[in-house]
Amino acid sequence: MGAMPWHELGPPNANPAESLRELQASYFAKNYNLTRLIDEHLKSAREAVRLTEEEGDEYGILDVYKADLEYLEGIAASPLPDDVHQQIAILRKIWESGAQGIGNVLDVENVTDDAGIHIARRMPEEEVVEILGTSKPTQSDAAKLLGLIADELGRGESVCIPVYEGDRQCGWWFAGYTVD
Numbered sequence: 084m085g086a087m088p089w090h091e092l093g094p095p096n097a098n099p100a101e102s103l104r105e106l107q108a109s110y111f112a113k114n115y116n117l118t119r120l121i122d123e124h125l126k127s128a129r130e131a132v133r134l135t136e137e138e139g140d141e142y143g144i145l146d147v148y149k150a151d152l153e154y155l156e157g158i159a160a161s162p163l164p165d166d167v168h169q170q171i172a173i174l175r176k177i178w179e180s181g182a183q184g185i186g187n188v189l190d191v192e193n194v195t196d197d198a199g200i201h202i203a204r205r206m207p208e209e210e211v212v213e214i215l216g217t218s219k220p221t222q223s224d225a226a227k228l229l230g231l232i233a234d235e236l237g238r239g240e241s242v243c244i245p246v247y248e249g250d251r252q253c254g255w256w257f258a259g260y261t262v263d
């Protein structure tokens with residue numbers, strides 16, 4: 084499987100990192116049941132350990148499976164935190180051992196001026212104008228962004244730009260690629 088594109092519109096906020104946090108909280112609430120997900124991964128981890136012990140550890144992965152199982156058992160045995168961002172951190176940790184990430188905006192850990200894995204790079208206005216031809220892109224303009232900069236983004240990288248309705252900023256457009 085290769086890197087897949089994703090994009091989401093965050094709410095209006097002067098600070099794109101705060102918009103990202105609000106977007107992630109909303110996205111997580113709409114798309115994830117952490118308790119169920121933990122149970123599913125716990126069953127899978129137990130089965131992976133059982134099968135590897137039964138069939139032999141030809142590839143030396145039993146310790147990884149055991150570490151995943153230990154983490155999941157610890158999470159399952161404790162109450163989940165009330166804070167949604169702590170819950171998202173748990174979700175990231177669950178997907179971490181597969182080295183593939185979650186595969187959406189929840190992988191993004193911060194917004195900065197520099198590119199990086201799991202970082203949304205805030206594109207400078209000059210770059211937005213150069214690529215999209217406007218300093219106040221609409222959602223429709225922003226939807227074209229990823230296709231225009233696809234060759235510049237690596238796996239797990241993303242960007243963000245402000246989007247507008249007329250002269251009023253209506254949110255932040257986050258777009259990027261999954262790790263795998």
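Count along the sequence shown from 1, then add 83; that gives the number in the working numbering. Cβ atoms here follow ideal geometry from the backbone N, Cα and C, with glycine treated the same way.
Applying the 10 Å Cβ sphere with the 16-neighbour rule, what's the burial state of residue i?
i	result
Glu240	buried
Ala97	exposed
Thr217	exposed
Ala203	buried
Leu163	exposed
Glu91	buried
Tyr148	buried
Tyr260	buried
Ala160	exposed
Met206	buried
Thr118	exposed
Ala150	exposed
Ala47	Missing from the structure shown is residue 47; the chain here goes from 84 to 263 and no further.
How many whole angstroms separate the CB atoms of residue i and residue j, which I take to be in contact at a CB cut-off of 8 Å?
i	j	result
Val194	Ala100	4 Å
Val262	Pro220	Not confirmed; about 26 Å, so no contact.
Gly254	Gly143	Not confirmed; about 46 Å, so no contact.
Where DSSP assigns a beta bridge to residue i, which residues make up the other side?
i	result
Val242	Arg204 and Ala258
Trp89	Gly259
Thr195	Arg204
Tyr247	Gln252
Please decide whether residue i counts as near chain C, where near means a Cβ-Cβ distance under 7 Å.
i	result
Ala172	In summary, chain C is missing from the structure at hand, where a single protein chain is found.
| Cβ pair count under 8 Å reaching 3, the stretch 166-175 against the stretch 93-110 | Contact between the stretch 166-175 and the stretch 93-110 is established, with three or more Cβ pairs separated by less than 8 Å.
| query | Are the stretch 211-227 and the stretch 186-200 touching, with three or more C-beta to C-beta distances below 8 Å? | reply | Verdict: no, contact absent.
| Below 8 Å, can you find three or more Cβ-Cβ pairs linking the stretch 221-228 to the stretch 122-135? | Verdict: no, contact absent.
| message | Tell me whether the stretch 230-238 and the stretch 143-160 touch, counting them as touching only if at least three CB pairs, one residue from each stretch, are closer than 8 Å. | response | Contact fails: fewer than three Cβ-Cβ distances are below 8 Å.
| request: Any chance you could list the alpha helix (DSSP H) runs of at least 4 consecutive residues sitting entirely within the stretch 127-157, in chain order? | output: The stretch 127-157 contains no whole alpha helix (DSSP H) run of 4 or more residues.
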